[in-house]
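The sequence shown begins at 120 in this note's numbering and counts up one residue at a time.
Working notes, structure below.
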Amino acid sequence: MLCGRSCMTGRLLEVIESAFPLLPKPDQVIAHSESCGHCEMTEKYLAKHPGPDLPVAATKWLCDELSTLSPEATRWVLGSYLRHVVHGGEVVERATEFLIYHLGPAPEHEQETRASLALLSQEQLLALVSLVEHLGQETKWQEHCPEDLERASLFLRGLLRWH
């Protein structure tokens, strides 16, 4: 029996849930100093969300602020964020797009992204590779950002080699 889209999505969700259990909110949330305006906004926003499970609204808000998160906060946020992305829909479309960009950074942002993903385990990195591959099979993302998906896949596989 062939596995359709919903079956593939279900399997991916299992992989994500296994690799990214919901965690308590870490003490260190921001990546930079409090004098960084973006980090300060992120810290204030996340103060309203003691976690471990973040609502879809938080995913939508955080999508273009992922670079402001500490490695501990990245691991915490991804538990909810990735579940929302896998469930999909227009509600998190922008969050999915920004996640692809974050996971496939431009060369000048690679060091910062490596730092934000530094605490992820091999299992977690493999789950991210699976997510990127899954998105690469969806027509919308194939048409919208194929180069970004390829860059994300290569970047994550590079992290796995050094892990």
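No residue lacks a Cβ here, since even glycine has one placed at the ideal position from N, Cα and C.
Check: If you measure between the beta carbons of cysteine 182 and phenylalanine 139, is that distance less than 9 Å?; Outcome: no
Check: Check for me: the alpha helix (DSSP H) holding leucine 201 runs from which residue to which?; Outcome: 190–206
Check: Could you pull out every residue in the same chain whose Cβ sits closer than 7 Å to the Cβ of leucine 222, ignoring the five residues on either side in sequence?; Outcome: Leu247, Val251, Ala271, Phe274 and Leu275
Check: If you run the structure through DSSP and keep just helix, strand and coil, what is leucine 121?; Outcome: Legend: pLDDT at leucine 121 = 47, less than 50; position of this residue unreliable, value from coordinates given subsequently. Correct three-state label for leucine 121: coil.
Check: Pick out the complete alpha helix (DSSP H) segments inside the segment 197–273, 4 residues or longer, and give them in chain order.; Outcome: 212–222, 229–235, 241–255 and 258–263
Check: Give a single yes or no on whether lysine 259 has its beta carbon closer than 8 Å to a heavy atom of the ligand ATP.; Outcome: In the structure shown, the ligand ATP is absent, as is every other ligand, since no ligand is present at all.
Check: Compare the C-alpha of threonine 128 against each of Glu191, Ser249, Leu268 and Pro174 and name the closest.; Outcome: Ser249
Check: Between the beta-carbon of glutamate 184 and the beta-carbon of threonine 161, is there less than 9 Å?; Outcome: yes
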